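Beneath this line is the structure, given in structure tokens, with notes to follow.
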DNA sequence: TTGACACATTCCCGTATCGGTATATATGGT
DNA sequence: ACCATATATACCGATACGGGAATGTGTCAA
């Protein structure tokens with residue numbers, strides 16, 4: 001077994017910065033591939049491949065118009081991500097940051113401990 | 119070049135279901151590794167490796183206590199994800215779903231077009 | 001039909017994954 | 001010192017990613 005496919009779910013699809021960039025662009029309205037290629041600055045095949053992933057996960061829809069293929073955002077598949085992360089939202093509030101700092105302090109006083117971080 | 123490292127950022131770290139599961143467990147309070155191993159049901163080395171990734175990204179903190187290592191959630195690094203996804207939140211509301219349906223309808227009427235989905 | 005344009009697919013390569021198994025590194029107990 | 005417990009690391013194999021380059025497919029125009 002290896003790492004899960006990027007097409008496994010939105011979490012994996014969106015882990016790639018270029019793909020987020022594409023979604024960000026599409027958030028401003030539907031666009032043909034060439035448009036995306038220009039704005040992102042990577043080669044066309046790469047863009048097409050990223051779009052394929054986004055399509056398979058259901059984050060974008062395509063429509064053929066003449067020789068162009070117009071891509072449109074479908075944000076619904078982002079909801080699971082939002083829902084999951086949302087459960088943690090209160091934990092990075094000011095209050096929790098404070099609690100964090102306090103706990104660190106206490107530990108540092110208890111034992112003359114060094115950092116454990118990488 | 120290959121896929122970005124899982125330790126590149128929280129997006130990549132959290133793309134792995136097992137790692138989300140670990141964070142979910144830690145959301146209920148700090149826990150030693152063995153505890154996580156039992157609850158998740160995968161081998162200890164795998165858990166340790168996932169914890170390493172989470173540590174390197176800054177999503178968890180460790181504290182040594184006797185021969186145990188107590189892991190604690192640090193949710194702050196999830197904020198970028200929440201912020202990014204949050205920008206799309208309004209787009210999966212009822213209204214947009216409707217708009218979506220309407221657009222599909224219109225297109226289907228204009229041209230006797232088949233589906234474009236995989 | 002031929003050619004240009006828009007886009008998708010295929011192949012290659014180097015890399016990093018995840019799981020499995022084995023081993024190393026603490027730390028505590030006797 | 002020795003053994004058990006708790007955890008981390010190293011090594012392996014299979015997978016598939018992501019960029020690059022080349023090629024295939026579809027559509028319009030003359």
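Protein chains in written order, with our numbering: chain R, 1 to 118; chain X, 119 to 236.
Cβ coordinates follow ideal geometry from the N, Cα and C atoms, glycine included.
In this text, all values refer to a predicted model and were calculated from it rather than measured experimentally.
Within its chain, find whatever has a CB closer than 8 Å to the CB of residue 133(X); leave out the 5 residues flanking it on each side and keep chain order.
-> For residue 133(X), the CB contacts under 8 Å within the same chain, skipping 5 residues up- and downstream, are 124 in chain order.
DSSP-derived helix/strand/coil call for residue 42(R) | coil
Can you name the start and end residues of the beta strand (DSSP E) that residue 73(R) belongs to?
-> 68-73
Mapping DSSP to helix, strand and coil, what is residue 183(X)?
-> strand
CB of residue 138(X) within 9 Å of CB of residue 11(R), strictly | Yes.
In chain order, what residues of the same chain have a beta carbon less than 6 Å from the beta carbon of residue 62(R), not counting five sequence neighbours either side?
-> 69 and 71
Ordered along the chain, which non-local residues of its own chain (more than five positions away) have a Cβ less than 7 Å from that of residue 198(X)?
-> Same-chain partners within the cutoff: 128.
Looking at chain X, which residues of the stretch 71-91 of chain R have a Cβ within less than 8 Å of any of its Cβ atoms?
-> Those residues of the stretch 71-91 of chain R that come within reach of chain X (Cβ to Cβ, closer than 8 Å) are 73, 74, 75, 76, 78, 79, 81, 82, 84, 85, 86, 87, 88, 89 and 91.
Could you tell me how far apart the beta carbons of residue 169(X) and residue 178(X) are, in whole angstroms, since I believe they sit closer than 8 Å?
-> 7 Å
Using 10 angstroms around the beta-carbon of residue 131(X), count the other beta-carbons present and answer buried if the total reaches 16, otherwise exposed.
-> Buried.
In angstroms, rounded to a whole number, what distance separates the CA positions of residue 211(X) and residue 191(X)?
-> When rounded, the distance between both Cα atoms is 31 Å.
Residue-level contact to chain R via CB, residue 185(X), 9 Å cutoff = No, because no Cβ of chain R sits closer than 9 Å to the Cβ of residue 185(X).
The stretch 27-56 of chain R: positions lying closer than 8 Å to chain X by Cβ | 27, 55 and 56
Would you call the CB atoms of residue 175(X) and residue 195(X) closer than 9 Å?
-> yes
Using the beta-carbon count (16 or more within 10 Å), is residue 42(R) buried or exposed?
-> exposed
Min CB distance residue 143(X) to chain R below 9 Å = Judged by the 9 Å Cβ criterion, residue 143(X) is not in contact with chain R.
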